[in-house]
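K.L.:
Under my numbering, think of the first position of the sequence shown as 16, with each following residue one higher. Beta carbons are placed, not taken as given, at the ideal position from N, Cα and C, and that holds for glycine. Because the structure is a prediction, the values reported are computed rather than measured.
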Amino acid sequence: MTKVLSKATSSLNGVIQVPGDKSISHRSVMFGAIARGKTTVTGFLPGDDCLSTIACFRELGVTITQNGDQVEVEGKGLDGLKEARNVLDVGNSGTTMRLILGILANTPFHSTLIGDSSIAKRPMQRVTKPLQSMGAKIDGREEGNFTPLSIRGGQTKGIHYQSPVASAQVKSSILLAGLQAEGTTSVTEPEKSRDHTERMLQAFGIEVKVDGLTASLEGGQTLKGTHIEVPGDISSAAFFLVAGAIVPGSRIELKKVGMNPTRTGIIDVLQNMGASITFANVNEDAVEPYADIIIEASQLKGTEVSGDLIPRLIDEIPIIALAATQAEGDTVIKDAAELKVKETNRIDTVVNELTALGVKIEATEDGMIIRGKSTLTGGKVSSHGDHRIGMMLAVASCLAEGDVEIENGEAVTVSYPNFYEHLASLQR
Ligand code: S3P
Numbered sequence: 016m017t018k019v020l021s022k023a024t025s026s027l028n029g030v031i032q033v034p035g036d037k038s039i040s041h042r043s044v045m046f047g048a049i050a051r052g053k054t055t056v057t058g059f060l061p062g063d064d065c066l067s068t069i070a071c072f073r074e075l076g077v078t079i080t081q082n083g084d085q086v087e088v089e090g091k092g093l094d095g096l097k098e099a100r101n102v103l104d105v106g107n108s109g110t111t112m113r114l115i116l117g118i119l120a121n122t123p124f125h126s127t128l129i130g131d132s133s134i135a136k137r138p139m140q141r142v143t144k145p146l147q148s149m150g151a152k153i154d155g156r157e158e159g160n161f162t163p164l165s166i167r168g169g170q171t172k173g174i175h176y177q178s179p180v181a182s183a184q185v186k187s188s189i190l191l192a193g194l195q196a197e198g199t200t201s202v203t204e205p206e207k208s209r210d211h212t213e214r215m216l217q218a219f220g221i222e223v224k225v226d227g228l229t230a231s232l233e234g235g236q237t238l239k240g241t242h243i244e245v246p247g248d249i250s251s252a253a254f255f256l257v258a259g260a261i262v263p264g265s266r267i268e269l270k271k272v273g274m275n276p277t278r279t280g281i282i283d284v285l286q287n288m289g290a291s292i293t294f295a296n297v298n299e300d301a302v303e304p305y306a307d308i309i310i311e312a313s314q315l316k317g318t319e320v321s322g323d324l325i326p327r328l329i330d331e332i333p334i335i336a337l338a339a340t341q342a343e344g345d346t347v348i349k350d351a352a353e354l355k356v357k358e359t360n361r362i363d364t365v366v367n368e369l370t371a372l373g374v375k376i377e378a379t380e381d382g383m384i385i386r387g388k389s390t391l392t393g394g395k396v397s398s399h400g401d402h403r404i405g406m407m408l409a410v411a412s413c414l415a416e417g418d419v420e421i422e423n424g425e426a427v428t429v430s431y432p433n434f435y436e437h438l439a440s441l442q443r
């Protein structure tokens with residue numbers, strides 16, 4: 016589907032409740048599925064990715080009821096999972112693929128995992144290698160790097176893993192395998208990635224130790240079903256934070272957005288760029304802290320985005336690049352080679368699609384340089400099936416002189432099913 020969007024006829028004003036956090040929603044179902052007893056979830060994200068997680072665990076014999084953002088999972092423990100009669104299809108979801116492999120490392124049966132054409136290009140050795148070294152039998156194209164993958168789990172042994180990348184998916188997969196492994200399992204990262212797994216495992220009654228860049232746990236622990244309240248996704252809020260900052264005269268209030276410090280890099284960057292951001296109804300005591308965020312338009316200036324900030328905003332780089340097009344001066348994004356292995360190669364897709372809209376932007380080996388300030392033209396662009404590229408281009412249309420035609424615009428449903436309705440509701 017091609018989505019045709021025109022320049023905003025006014026400033027953007029209003030209140031938005033962004034859908035539930037994708038990372039936390041996935042984990043609520045996965046951990047609920049391997050816990051003993053019922054888990055209830057509110058604020059769940061009913062986007063395609065999280066629905067893929069539900070579908071996979073149903074294939075593995077778990078009873079899950081989902082109604083909009085309410086979910087109930089009837090957990091029977093890890094040994095309650097059953098060999099699936101069909102392949103497990105993760106769709107577009109890298110999180111589902113990598114975390115489920117960690118869980119299946121201890122199930123004494125065979126599973127086959129597939130996904131869409133984007134998943135088929137994403138590297139899986141980053142989890143299959145450490146899981147193999149724990150004792151799981153895994154195979155797949157190019158020595159277990161690409162789908163289709165097959166796994167036969169069994170009794171694993173704990174490892175101390177020094178991860179070459181700051182990746183919550185890698186860390187979580189290994190820790191999930193470690194839950195049933197013999198002895199201690201620990202993961203050390205080069206920079207800290209999002210810590211939703213560590214926080215949520217504790218809510219399920221698991222003892223997890225966190226010491227700087229290392230997270231560890233002892234094997235043989237049992238998860239107990241619980242209640243999980245999922246806050247709004249800051250990665251979804253990011254599109255409206257930038258829209259509010261760059262469309263002149265705008266004021267947008269975003270309700271109950273997750274404020275986990277491993278995810279708030281976008282706030283730091285926008286503030287460095289001179290954005291006007293205030294907070295209300297702050298709750299720092301919840302397992303996952305949250306707050307309302309209010310953004311008002313202001314003139315931004317260029318900045319540098321690099322180092323240990325990168326894992327704290329890795330998914331927000333496409334929309335940060337758009338913000339940079341409206342800033343005075345250059346913005347340099349570096350240390351972000353991980354962008355190449357996301358839903359698309361996001362260095363290429365951001366640079367190519369923004370170039371098509373008249374932006375002066377250059378790709379580098381590990382990021383990009385955006386020359387501000389640009390006038391955005393209209394044009395024909397594509398999401399390339401990447402939800403975050405689609406949403407970034409939709410926000411760009413609010414400022415573009417001509418119409419922006421987004422090929423494959425429906426990709427946004429991966430993380431934000433009602434994104435276009437929310438964007439339209441801000442225009443009066
Ligand atoms: C995620 C971790 C990040 C992020 C992805 C979701 C997660 O990936 O980009 O959208 O839920 O653990 P990496 O951990 O591979 O960086």
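#1: When you compare the region 398-405 with the region 219-233, are there three or more beta-carbon pairs, one atom per stretch, that lie closer than 8 Å?
#2: Which of the three DSSP states, helix, strand or coil, is assigned to Phe254?
#3: By Cβ distance, which residues of its chain are closer than 8 Å to Val257, with the 5 residues on each side in sequence left out?
#4: Quick one: what's got a C-beta closer than 6 Å to Thr122's C-beta in the same chain, skipping five residues either side?
#5: Is Met16 buried or exposed, if buried means 16 or more other CB atoms sit within 10 Å of its CB?
#6: Please confirm if the region 251-265 is in contact with the region 20-32, defined as three or more CB-CB distances below 8 Å between the two stretches.
#7: Restricting to runs no shorter than 3 residues, where is the beta strand (DSSP E) found entirely within the region 338-386?
#8: Would Pro179 be called buried (16 or more neighbouring beta carbons within 10 Å of its own) or exposed?
#9: Ends of the alpha helix (DSSP H) at Gln147?
#10: So the alpha helix (DSSP H) Thr111 belongs to, where does it begin and stop?
#11: Closest to Val272 by CA distance: which of Gly264, Thr293 and Gly247 is it?
#12: Which class does Lys53 belong to by DSSP, given the choice of helix, strand or coil?
#13: Examine the ligand S3P and report whether any of its heavy atoms sits within less than 7 Å of the Cβ of Glu331.
#14: Just the C-alpha distance for Lys349 and Pro326, rounded to the nearest angstrom, thanks.
#15: I believe Val33 touches Ser251 by the beta-carbon criterion, under 8 Å. Please report the beta-carbon distance rounded to the nearest angstrom.
#16: Please report how far the alpha carbon of Val427 lies from the alpha carbon of Glu436, in whole angstroms.
#17: Pick from Leu119, Ser148 and Thr110: whose alpha carbon is nearest that of Arg137?
#18: Quick one: what's Asn160 bridged to in DSSP?
#19: What does the alpha-carbon distance come out to for the pair Met149 and Val77?
#20: What do you reckon, are the CB atoms on Ile174 and Ile118 nearer than 8 Å?
#21: Just to confirm, are Ile69 and Val245 a CB contact at a threshold of 8 Å?
#22: Assuming Lys271 is part of the beta strand (DSSP E), what are its boundary residues?
#23: Quick one: what's got a C-beta closer than 7 Å to Ala290's C-beta in the same chain, skipping five residues either side?
#24: Is Arg327 close to the ligand S3P? I mean its beta-carbon at under 7 Å from any heavy atom of the ligand.
#25: Does the count of Cβ pairs from the region 375-382 and the region 349-366 closer than 8 Å reach three?
#26: Note down the Cα distance separating Tyr54 from Val86, rounded to an integer number of angstroms.
#27: State the Cα-Cα distance for the pair Gly198 and Lys152, rounded to the nearest angstrom.
P.N.:
Taking the structure as given:
#1: no
#2: It is helical.
#3: By the criterion of a C-beta distance shorter than 8 Å, Val257 is surrounded in its chain by Leu285, Ile334, Ile335, Leu337, Ala338 and Val410, once the five residues flanking it on both sides are discounted.
#4: Leu96 and Gly168
#5: The residue is exposed, with fewer than 16 neighbouring Cβ atoms inside 10 Å.
#6: Because the criterion of three Cβ pairs below 8 Å is met, the region 251-265 and the region 20-32 touch.
#7: 345-348, 375-379 and 382-386
#8: exposed
#9: Gln140 to Met149
#10: Gly109 to Leu119
#11: Gly247
#12: strand
#13: no
#14: 12 Å
#15: Between Ser251 and Val33 the Cβ distance is about 4 Å, and since that is below 8 Å, they are a contact.
#16: For Val427 and Glu436, the distance between alpha carbons rounds to 12 Å.
#17: Thr110
#18: None, per the DSSP bridge assignment.
#19: Rounded to whole angstroms, Met149 and Val77 show a C-alpha spacing of 25 Å.
#20: no
#21: No, they are not a contact pair.
#22: Secondary structure note for Lys271: its beta strand (DSSP E) is the uninterrupted segment Arg266 to Gly273.
#23: Ala260, Ile310, Ser313 and Leu315
#24: no
#25: Verdict: yes, contact present.
#26: Rather than Tyr, the amino acid found at residue 54 in this sequence is Thr. Roughly 8 Å between the two C-alpha positions.
#27: 19 Å
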